[in-house]
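Read in order, the letters of the sequence shown are residues -27 to -1, 1 to 597 in mature numbering (1 follows the signal peptide of the UniProt record, and there is no 0). Here the structure comes first, spelled out in structure tokens, and everything after it is commentary.
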Amino acid sequence: MFKLNFKKVLAFLFAFILCFGCIDVYADDGGYTIDDYNVNAIYHSNNTIDVKEVIDVNFSSYRHGIYRNIPETMYINRDEKYKLKIQDINVFNDEYDVDYDSGNRVIQIGSEDYTIIGPHTYTLTYTIVIPEDYHSDLDFIYYSVLGNNWNTTISHFNFDIQFEKALTEKEMSNIQVFSGSLGNQSNDLNVTPIITSTSIRGSAYDIGAKQAITLFGELRQGYFVDAKQTTSKIPFIFLGLTVLFGLYSLIRALLLKKTHITPIVNFYPPKDMDPAMVGTIVDESVDQEDLMALIPYWASKGYLTISETEDDLVLTKQENHEPPILKHQKKIYNGLFQTKNSVKLSKLSSKFGKAMDDAKEALNDEFSGDKKLSTIDHGFVTCILAMICMIVSILFNTRYSIVDNLIETILATFSFVLMMVLNYSAAATNVFNKNKLGVLKKVLSAAFILILAYFIYRQCQSILSIVPFEYMMIGIVVVSLPILLCPRFNVVSDYFKSVAPELLGFKDFVEKAEVPQLERLSMENPSYYYDVIPYAMVFGLSEMWTKKFSTIPLAQPDWYDSYYSDPYSSYFYYRMLTRSMYQPIHQNLLDYQTEQMKSTADSMGSSFGGFSGGGAGGGGGGSW
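Shown next as structure tokens:
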């Protein structure tokens, strides 16, 4: 899999930059030259540099002053970079402001109240704090005494670097000077350094714009002592918490016994549960199909009649029957026959969509309290905590900036959440659906783990990582195992255990019944097919149930008027349910949801405004 890693693309562009210097943040259209530029610095043993710059500028036109941009990032190669700190800034005898811009510390020298022309000398001091390097076998110096983003000529440049700790002969011979344009690996400006055990001095003349001078040299390990730490305890702490929470969740999942329901053979639908209630118990979710199954259920009970036309379906309320009494049934029944005793499904108003939403809420309320279907074991919570801790550990597993690990963090979050959804979704349905997709879900989860491990490996191979790959993999595995077992955290209730055996036995019968047995039941009860099919719908077996009756003669019920001519068969009724009934109701619900979304968007728009120039981005700049 190809990964477009913007941070590494950027780093690669700087792979051969041995002269890092100022980035020209504030545009300057010229009007000056530098006659003399002196840099005096002290390189301390804790890898900080105290710098003093004296810049003799000659303005050819009236200007307020100059900018000095000092980068806060040092690139060594495409994977190795350091975040610098520029501090203790001071400018002598001139007004100045200090700001941040695009990864630079920007020093604006001069006054808005007056301009100058001709020669002027600027003197400024600051300290560069370089963090501890990532190498276990060496230290190094890498100092750009002249940055490459001066956009004018420099007649004479001089530098004098003093070392607080003396260099050895070998270290002195390792010092290299690179000069010229950005990325140059030679000494085009002919800088001849004078190197002693305690200093490096040199100079150059007639330097053009965008030229740099950089010092580089390998030093003995331990040359720098007490440098600013680049490591962090945060990823280790959260990795430790990951292991603790993950192991607890894993042990908890293994201790929880998987629920086993023994089916009780049952040929008939439950007397005290409508198909919507059964559908909710089957997958612990109120689905659109569960509520729609109430229409053929009511028809078989005599609450309404169904008349089929060429392109529509007409439902007619039966006046001699009492309306349904359960709350979720009443919501839909009243939604259908709110103003008329007869309704065409293609003409349903948006109020029916609201009735369906209200019915879902009422049905959810039906299975609460003593009739709650399941509870979530607290091991599921600790599993989520382990997942969160692992994500935080990945995010902070960098010596430089958490931005470097955003791609890996987003991938980890996506992988863990999707794995949890895939596996936990099997929890409520595994009793009735035998979790047929369980193996596929486990395979997909394993694939996500391998993909995540690959990207973590690539990141940990980078010198920017803090925690080794092996330890990160321990965390990923410890999080993933309880996620794979998370269906166990769904603990079914006593109520579920009391109703599930008969429902499971009834579902098994609908799925496995033989035609001769169904013929006998149909002879005993001519409406047997019609009484059962609403429940077959919520089991997902309506087509299978209809096929079993393809050879069994069925009488067309008096409450159903089919559009199609004789000979009548079960397929006519099944086609009506799946096409004439399902499609217009489904479209009505889509229209209702679209209206709700639009209404929400309109209400947000009415209280949220903007103005010219607002929003993200923008900005501007100019010369000084």
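Note that CB positions come from ideal geometry on N, CA and C, so glycine has one too. Since the structure is predicted, the reported quantities are computational estimates derived from the model, not experimental observations.
Excluding sequence positions up to five away, which residues of its chain have a Cβ less than 8 Å from the Cβ of residue i?
i: Q202; result: P104 and E105
i: Y373; result: K54, Y55, K56, T203 and L437
i: Y107; result: E53, T203, R372, I436 and L437
i: T282; result: Y536
i: S523; result: S542, S543 and Y544
i: A589; result: Low local confidence applies: a pLDDT of 29 at A589 is under 50, so the model's placement there is unreliable, and no value is given.
i: S109; result: Q194
i: N66; result: T96
i: K415; result: N396 and L457
i: Q60; result: Y99, T100 and V102
i: E492; result: I525
i: T386; result: I364
i: M265; result: M510, M554, Y555 and I558
If residue i sits next to residue j, beta carbons under 8 Å apart, how far is it from one beta carbon to the other, in whole angstroms?
i: M445; j: N378; result: Contact flag wrong, Cβ pair sits at about 11 Å.
i: I134; j: S172; result: 6 Å
i: P248; j: D260; result: The pair is not a contact, with the Cβ atoms about 11 Å apart (cut-off 8 Å).
i: I224; j: W532; result: No, I224 and W532 are not in contact; Cβ-Cβ is about 57 Å, not under 8 Å.
i: Y116; j: T187; result: 7 Å
i: Y40; j: Q81; result: 6 Å
i: N307; j: A328; result: 7 Å
i: P507; j: Y270; result: 4 Å
i: L267; j: L288; result: That belief does not hold up - the Cβ atoms of L267 and L288 are roughly 11 Å apart, past 8 Å.
i: A332; j: V451; result: Contact flag wrong, Cβ pair sits at about 43 Å.
i: L368; j: T382; result: 4 Å
i: H301; j: L336; result: 4 Å
On the DSSP bridge assignment, give the partners of residue i in chain order.
i: residue 598; result: As displayed, the chain neither begins before -27 nor continues past 597, which places residue 598 out of reach and without an answer.
i: E26; result: V12 and L97
i: K201; result: P104
i: M47; result: Y55
i: S553; result: According to DSSP, S553 bridges with nothing at all.
i: E533; result: For the record, residue 533 in the displayed sequence is Tyr; it is not Glu. Paired residue(s): I279.
i: T6; result: N31
i: Y502; result: For Y502, which the question treats as bridged, DSSP gives no partner whatsoever.
i: Y73; result: R78
i: G38; result: G83
i: S315; result: T289
i: Q60; result: T100
i: T567; result: According to DSSP, T567 bridges with nothing at all.
i: I89; result: R36
i: T21; result: V102
Among the residues of its own chain, which have a CB less than 6 Å from the CB of residue i, if the five just before and after it don't count?
i: L214; result: C362
i: K25; result: N13 and T98
i: N11; result: V27 and N131
i: L494; result: Y501
i: D29; result: D8, D9 and T94
i: Y221; result: T355
i: A272; result: I279 and W532
i: residue 601; result: Lying outside -27 to 597, the shown extent of the chain, residue 601 is not represented and no answer is given.
i: D(-4); result: Legend: pLDDT at D(-4) = 41, less than 50; position of this residue unreliable, value from coordinates given subsequently. If we look at D(-4) and ignore the five residues flanking it on each side, its Cβ neighbours are N122.
i: F211; result: C362, V365 and S366
i: T6; result: N31, T125 and T126
i: N160; result: V150 and S152
Given residue i, which residues of its chain have a CB within under 7 Å of its CB, disregarding the five upstream and five downstream residues?
i: G91; result: N31 and F32
i: L514; result: V483 and E484
i: V505; result: P242, V483 and W518
i: Y430; result: F442
i: A486; result: K521
i: S18; result: E137, K138, F197 and V198
i: Y87; result: none
i: P530; result: S500 and Y503
i: K140; result: According to the sequence as given, residue 140 is Leu; it is not Lys. Contacts found: S170.
For residue i, verify whether its CB is less than 7 Å away from any heavy atom of the ligand ZN.
i: I424; result: In the structure shown, the ligand ZN is absent, as is every other ligand, since no ligand is present at all.
Ordered list of alpha helix (DSSP H) runs contained in the segment 157 to 197, each at least 4 residues: Counting only runs of 4+ residues, no alpha helix (DSSP H) is found wholly inside the segment 157 to 197.
In chain order, each alpha helix (DSSP H) run of at least 4 residues that lies wholly inside the segment 106 to 161: 142 to 147
Inter-stretch contact at 8 Å, needing at least 3 Cβ pairs: the segment 447 to 460 / the segment 378 to 393: yes
Segment contact, 8 Å Cβ cut-off, at least three pairs: the segment 463 to 482 with the segment 411 to 427: no
Stretch pair the segment 462 to 470 + the segment 215 to 234: three plus CB contacts closer than 8 Å: These segments touch.
Stretch-stretch touch, CB-based, cutoff 8 Å, three pairs: the segment 153 to 170 with the segment 73 to 92: no
Segment contact, 8 Å Cβ cut-off, at least three pairs: the segment 174 to 188 with the segment 119 to 129: Verdict: yes, contact present.
Whole alpha helix (DSSP H) elements within the segment 441 to 465, 4-residue minimum: With a minimum length of 4 residues, the continuous alpha helix (DSSP H) runs that stay inside the segment 441 to 465 are 442 to 457.
In chain order, each beta strand (DSSP E) run of at least 3 residues that lies wholly inside the segment 322 to 397: Fully enclosed beta strand (DSSP E) runs of 3 or longer: 347 to 349.
Within the segment 215 to 287, ranges of the beta strand (DSSP E) (whole runs, at least 3 residues): 277 to 281
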